[in-house]
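Engineer: Position 104 (the sequence shown) corresponds to 86 in our numbering; numbering is contiguous. Backbone N, C-alpha and C define an ideal beta-carbon position, used for all residues, glycine too.
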Amino acid sequence: MALTIQERLKDLRVERGLTLEQLAEQTNLSKSALGSYEAADFKDISHYALIKLAKFYDVTTDYLLGLSEMKSHPNADLVDLHLSDGMIDLLKSGRVDNALLCELAAHPDFVKLLCSKSQSANRFKSELKV
């Protein structure tokens, strides 16, 4: 389940070990405004505060708003990612859950899973040749 803007703002502050008072001092935003942004009944955040907090935390505004799961967008060209045309088409098609795919690929055990599946596939291929 995606985090709300309130949860994202609080998580970022807590990750840095900051109190609301310290965050207010460092961002020049009021403690009461910052507290309201993290509250469950939060309604609105100004463009100014949103941009200021995104810059402070070094994340994108899209991340804060819940439009992206990526805290910052790497400037990687598609060619550097070595994705095939078919994979790019699949990701753009909406037929797969891209967020879930990202979670799977970022999981610490993903590489082990890939290696074990690759070894199994190679064994299967060699057995077929016999």
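(1) Within 10 angstroms of its Cβ, does residue 36 collect 16 or more other Cβ (buried), or is it exposed?
(2) Given a cut-off of 8 Å on the beta-carbon distance, is the pair residue 19 and residue -9 in contact?
(3) What runs of the alpha helix (DSSP H), each 4 residues or longer, lie entirely inside the segment 34 to 65?
(4) Write down the C-beta distance between residue 41 and residue 25 rounded to the nearest angstrom, noting that I regard them as a contact closer than 8 Å.
(5) Can you grab the Cα-Cα spacing for the pair residue 17 / residue 45, in whole Å?
(6) So, at 6 Å on beta carbons, what are the nonlocal neighbours of residue 9 in its own chain, with the 5 sequence-adjacent residues on each side left out?
Structural biologist: Straight from the coordinates:
(1) That one is buried.
(2) Yes. Within cutoff.
(3) For the segment 34 to 65, whole alpha helix (DSSP H) runs of length 4 or above, ordered along the chain, are 43 to 47 and 60 to 63.
(4) 21 Å between Cβ atoms; not a contact.
(5) Residue 17 and residue 45 have their C-alpha atoms roughly 19 Å apart.
(6) Excluding positions up to five away in sequence, the list reads 34 and 38.
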